[in-house]
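Notes to accompany the following structure.
There are 2 protein chains.
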Amino acid sequence: MLKELSSVKSFGGFQKRFQHYSDVLSCSMHFSIYIPSTSGIEKMPAIYWLSGLTCTDENFVTKAGAQKYAEENKIILICPDTSPRGDSIPDDDKAAYDFGLGAGFYLNATESPWSENYRMYDYIVFELPAVIESLCPVDPSRVSISGHSMGGHGALTIGLRNPSNYCSISAFSPICAPSSCPWGRKALSGYLGGDYESNKSSWANYDAVELIKDIDSCVPILIDQGSDDEFLEEQLNTDLFIQSISNKNLPINVRYQEGYDHSYFFISSFIDQHIKFHSEFLS
Amino acid sequence: MLKELSSVKSFGGFQKRFQHYSDVLSCSMHFSIYIPSTSGIEKMPAIYWLSGLTCTDENFVTKAGAQKYAEENKIILICPDTSPRGDSIPDDDKAAYDFGLGAGFYLNATESPWSENYRMYDYIVFELPAVIESLCPVDPSRVSISGHSMGGHGALTIGLRNPSNYCSISAFSPICAPSSCPWGRKALSGYLGGDYESNKSSWANYDAVELIKDIDSCVPILIDQGSDDEFLEEQLNTDLFIQSISNKNLPINVRYQEGYDHSYFFISSFIDQHIKFHSEFLS
Numbered sequence: 010m011l012k013e014l015s016s017v018k019s020f021g022g023f024q025k026r027f028q029h030y031s032d033v034l035s036c037s038m039h040f041s042i043y044i045p046s047t048s049g050i051e052k053m054p055a056i057y058w059l060s061g062l063t064c065t066d067e068n069f070v071t072k073a074g075a076q077k078y079a080e081e082n083k084i085i086l087i088c089p090d091t092s093p094r095g096d097s098i099p100d101d102d103k104a105a106y107d108f109g110l111g112a113g114f115y116l117n118a119t120e121s122p123w124s125e126n127y128r129m130y131d132y133i134v135f136e137l138p139a140v141i142e143s144l145c146p147v148d149p150s151r152v153s154i155s156g157h158s159m160g161g162h163g164a165l166t167i168g169l170r171n172p173s174n175y176c177s178i179s180a181f182s183p184i185c186a187p188s189s190c191p192w193g194r195k196a197l198s199g200y201l202g203g204d205y206e207s208n209k210s211s212w213a214n215y216d217a218v219e220l221i222k223d224i225d226s227c228v229p230i231l232i233d234q235g236s237d238d239e240f241l242e243e244q245l246n247t248d249l250f251i252q253s254i255s256n257k258n259l260p261i262n263v264r265y266q267e268g269y270d271h272s273y274f275f276i277s278s279f280i281d282q283h284i285k286f287h288s289e290f291l292s
Numbered sequence: 010m011l012k013e014l015s016s017v018k019s020f021g022g023f024q025k026r027f028q029h030y031s032d033v034l035s036c037s038m039h040f041s042i043y044i045p046s047t048s049g050i051e052k053m054p055a056i057y058w059l060s061g062l063t064c065t066d067e068n069f070v071t072k073a074g075a076q077k078y079a080e081e082n083k084i085i086l087i088c089p090d091t092s093p094r095g096d097s098i099p100d101d102d103k104a105a106y107d108f109g110l111g112a113g114f115y116l117n118a119t120e121s122p123w124s125e126n127y128r129m130y131d132y133i134v135f136e137l138p139a140v141i142e143s144l145c146p147v148d149p150s151r152v153s154i155s156g157h158s159m160g161g162h163g164a165l166t167i168g169l170r171n172p173s174n175y176c177s178i179s180a181f182s183p184i185c186a187p188s189s190c191p192w193g194r195k196a197l198s199g200y201l202g203g204d205y206e207s208n209k210s211s212w213a214n215y216d217a218v219e220l221i222k223d224i225d226s227c228v229p230i231l232i233d234q235g236s237d238d239e240f241l242e243e244q245l246n247t248d249l250f251i252q253s254i255s256n257k258n259l260p261i262n263v264r265y266q267e268g269y270d271h272s273y274f275f276i277s278s279f280i281d282q283h284i285k286f287h288s289e290f291l292s
C-alpha cells in the first residue's frame, strides 16, 4: 500500500512524500520523490539520492536545491530514508548517531538483532525501484545514483556492484573505505560481525576502495570532496580511493573543492554540476 | 560586541552567522548573512530578508537556495531573526506560534509587557544596518528589502514607510492587511492595544493596505502569491492590496503563481526572479 503524505508544487513539478510498507525491511517506510512537470506520457530518467548519517528522506529535499535542475533536465529524484524506522526497529544501545536508526549504511546486515530489518542494500537495489515504477513514469533503463557521506558510500558500493542498473554514479564527501575508518568499522562490525581480517569477504562488499580493486571497468563516476571537510582526515579516506584507481584507466573524476566543508552548503553549491553530469549518461 | 558563530563556504562566497547585543531589543540576537566572493574592496548592495511566523534567521538560509543568485549578482543577503529572543523575553501566555517569540511582526510595541523588547521595526530600520556596515563592505545607498508572509508584511510596511532607505521591495505571500485578518488583529491588538477603530493611527502604520492609501509614489514592488496557498483566503488579503492600488499608477506587480502553496518550495521556485528584480534597482 502506497500512501501519498504530501504533494507540493516546486519549480513547475511536484515534490511528493510517500509512505509504504517494506517487506524487505519489515517496517513502514517514507520516501520523497520529485517528479518534473511533463506534457505527455513519455518516461523519464531518475537519480536515486542516498543521504548521510542522521538524515531522513527530507534533508536533501529541503536543503540541496536540486529540484530546479531536475525540472530543467526532466529527471525524477528519488530520496529514500537512511535506515529502517519505527518503535519496533532495534537501535544502538546508546542511540548513537552513527549506528542503528538513521545509519543503515546501505548494506544487508547478517548479525542479530539487525539482520531482520537492516537490509537497506536490497531495499535500494530491488524493492524501492519496483515501488517507483508502479508510481510514476520512470524509465528503468535510465537510472543513476548519487549520495552524500554515508550515502556517498552507498552510491559508490551499490553502483559499482550493479553496473547494469545504473548509468552513472556520483558522490559528495563519500566514506570511501568503511573498513578503514571509525564510522565504518563500527557499522560493519555491528551489522556484519567480526573485523576486516576475520570477515573480509563480507566487509569488502561494502567498501568502495576494496570493490574497486577487482574492477577493470565501471560506469562514469564523479566525486566532489571539500578540502575543509571536518571529517576528511579521520573518516572519509579520499586518498585511499584515489590510490586504488591510480593504476587503472577508469572513468572516475575525483575533485577537491577548495574551502568547502561537509554540509549541505557544499552540496547545494555543486548539485547542479552533478545533475548535469548524470544527465549526459541518462539521455 | 559582534561574535561570529559560523562561517561556511557556499557558491564561492560565505554564509555566516553572528550574535550581537541589541540595545533596541534589550537582548542578545542572532542574524545570518551571505557575503559573496569579492576580489576587491568595492562596496556591494544588500537585500534584507524578513522571515515569517515561527522562523529564525536560519530558515531562509537553509531552504531558499538564494546564495547562488546573491553570488551571481554580488549582493549581500541579510537575514535577521523574527522577534527578540531569550528566557527574559516575554512570550504569549500559551506560547502560541502567532504572537510573542518568533512573531515580532516588525513593529514597535507600545503595550506592556511587550514594549521593552518587541521593537523589531527600529531594529531592522536603524540598529541592524549600522551593525552590518561595521561588519562588511555594504553600500548603504543600495539596499532593498524582501520577505515572506509576516516578513512580507514587514518588507512592505518598512519599505513603504522608508522610501529613501530601500531601492526596491518584494514579498512572497505577504500578510497584506494585518488590520483585517486573525493573525494581524491578534498581533496589533496585543502589541499596540485597542482595535482598528479605536487605535487606527497606530495600527495603520503597520498595515500595507492602509499605508498605500496615502501614497502616490513608491519604489518598485514585486509580490508573488501562490494560488493554492492555504492561508490566502483567511490571512493574506492579497485582493484588498490589489484593490488599494487599482486607481493609482504605482510601479507594483502582483503575480498569482498557479498551484503554489505557502512553503519554502514556493519561495525557492521564484527567489531567482526576486533577486534579479532587485538587482535591476541596486546596480
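Chains as they are written, first to last, in the working numbering: chain A, 10 to 292; chain B, 10 to 292.
No residue lacks a Cβ here, since even glycine has one placed at the ideal position from N, Cα and C.
These figures come from a predicted structure and were not determined experimentally.
Since K72/B meets chain A, which of its residues come closer than 8 Å, beta carbon to beta carbon? T71, K72
Cβ-based neighbour list, D204/B, same chain, cut-off 7 Å, excluding 5 preceding and 5 following: S198
Going by C-alpha to C-alpha distance, which of V70/B, W212/B, L11/B, I56/B sits closest to Y273/A? V70/B
Please check the pair S35/B and D66/B, which I expect to be a contact at CB under 8 Å, by giving their CB distance rounded to whole angstroms. Contact between S35/B and D66/B does not hold, since their C-beta atoms are separated by about 18 Å, which reaches or exceeds 8 Å.
Cβ neighbours of E236/B in the same chain (closer than 8 Å, five flanking residues each side left out): First, the residue type needs correcting, since residue 236/B is Ser and not Glu in the sequence shown. Around S236/B: Y265, Q266, E267, G268, Y269.
I276/B and F181/B closer than 7 Å at C-beta: In contact: I276/B and F181/B (Cβ atoms closer than 7 Å).
Here's the rule: buried if 16 or more other CB atoms are within 10 angstroms of the residue's CB, otherwise exposed. What is S188/A? buried
In the DSSP assignment, find the unbroken beta strand (DSSP E) run with A180/A in it and report its ends. Segment 178-181, the beta strand (DSSP E) holding A180/A.
Whole beta strand (DSSP E) elements within the region 174-236 of chain A, 3-residue minimum: 178-181, 230-235
Helix, strand or coil, according to DSSP, for D148/B in the structure here? Correct three-state label for D148/B: strand.
Since A217/B and C190/B should fall inside the 8 Å C-beta cutoff, what is the C-beta to C-beta distance between them, to a whole number of angstroms? Rounded, the Cβ-Cβ distance is 12 Å, inconsistent with contact.
Would you mind giving the Cβ-Cβ distance between G109/A and D100/A, rounded to the nearest angstrom? I have them listed as a contact below 8 Å. 4 Å
Using the Cβ count rule (16 or more neighbours within 10 Å means buried), how would you classify Y215/A? By the neighbour-count definition (other C-beta atoms within 10 Å, threshold 16), Y215/A is a buried residue.
Within this structure, are the beta carbons of E120/B and G202/B separated by less than 7 Å? yes
Taking 6 Å as the cut-off, is the C-beta of L34/A nearer than that to any heavy atom in the ligand MN? In the structure shown, the ligand MN is absent, as is every other ligand, since no ligand is present at all.
Roughly how many whole angstroms lie between the Cα atoms of V263/B and L249/B? 12 Å
Does any CB atom of chain B fall closer than 7 Å to the CB of G61/A? no
Quick one: which residues of the region 260-271 of chain B get their C-beta closer than 7 Å to a C-beta of chain A? List them in chain order. G268, Y269, D270
Cut-off 7 Å between Cβ atoms - residues of its own chain near E243/A, not counting five sequence neighbours on either side: If we look at E243/A and ignore the five residues flanking it on each side, its Cβ neighbours are C190, P191.
For a quick check, are the C-beta atoms of S124/A and G111/A less than 7 Å apart? No.
Same chain only: Cβ atoms within 6 Å of G113/B, ignoring 5 sequence neighbours per side: T91, S92, Y127, M129
Taking C-alpha atoms, which residue in F27/A, T47/A, I44/A lies nearest to M38/A? Taking only the C-alpha atoms, the option nearest M38/A is F27/A.
If you draw a straight line from the C-alpha of D131/A to the C-alpha of D148/A, how long is it? 20 Å
A55/B (DSSP reduced to helix, strand or coil): Annotated three-state conformation of A55/B is strand, per DSSP.
When V140/B, K222/B, S292/B are compared against P89/B, the one with the closest alpha-carbon: Of the candidates V140/B, K222/B, S292/B, the one whose C-alpha sits nearest the C-alpha of P89/B is V140/B.
Please determine, among P146/A, F290/A, S207/A, I284/A, the residue with the shortest C-alpha to C-alpha distance to G74/A. I284/A
Could you work out which residues of chain A lie near G277/B, taking near to mean beta carbons separated by less than 8 Å? Reading off the sequence, residue 277/B comes out as Ser, not Gly. What S277/B touches in chain A: S19, F20, G74, Q76, K77.
The region 55-62 of chain A contacting the region 152-162 of chain A, beta-carbon criterion three pairs below 8 Å: Between the region 55-62 of chain A and the region 152-162 of chain A there are three or more C-beta pairs closer than 8 Å, enough to call the two in contact.
Keeping to the same chain, check which residues put their C-beta closer than 6 Å to that of Y78/A; ignore five residues upstream and five downstream. D281, I284
Candidates S292/B, N174/B, S179/B, M159/B: closest to Y106/B by CA position: Taking only the C-alpha atoms, the option nearest Y106/B is M159/B.
Taking 7 Å as the cut-off, decide whether the C-beta atoms of I296/B and I251/B are in contact. There is simply no residue 296/B to check, as chain B begins at 10 and stops at 292 in what is shown.
Out of T247/B, N117/B, L165/B, D238/B, state which residue places its alpha-carbon closest to the alpha-carbon of A196/B. N117/B
Report the rounded CA-to-CA distance for L11/B versus A55/A, giving the unit in angstroms. 46 Å
Three-state class that DSSP yields for N68/A in the structure shown: helix
Along the region 220-250 of chain B, where does the CB come closer than 9 Å to a CB of chain A? Name the residues. G235, D237
With S124/B as the anchor, note down where its beta strand (DSSP E) starts and where it stops. Run containing S124/B: none; DSSP gives neither H nor E here.
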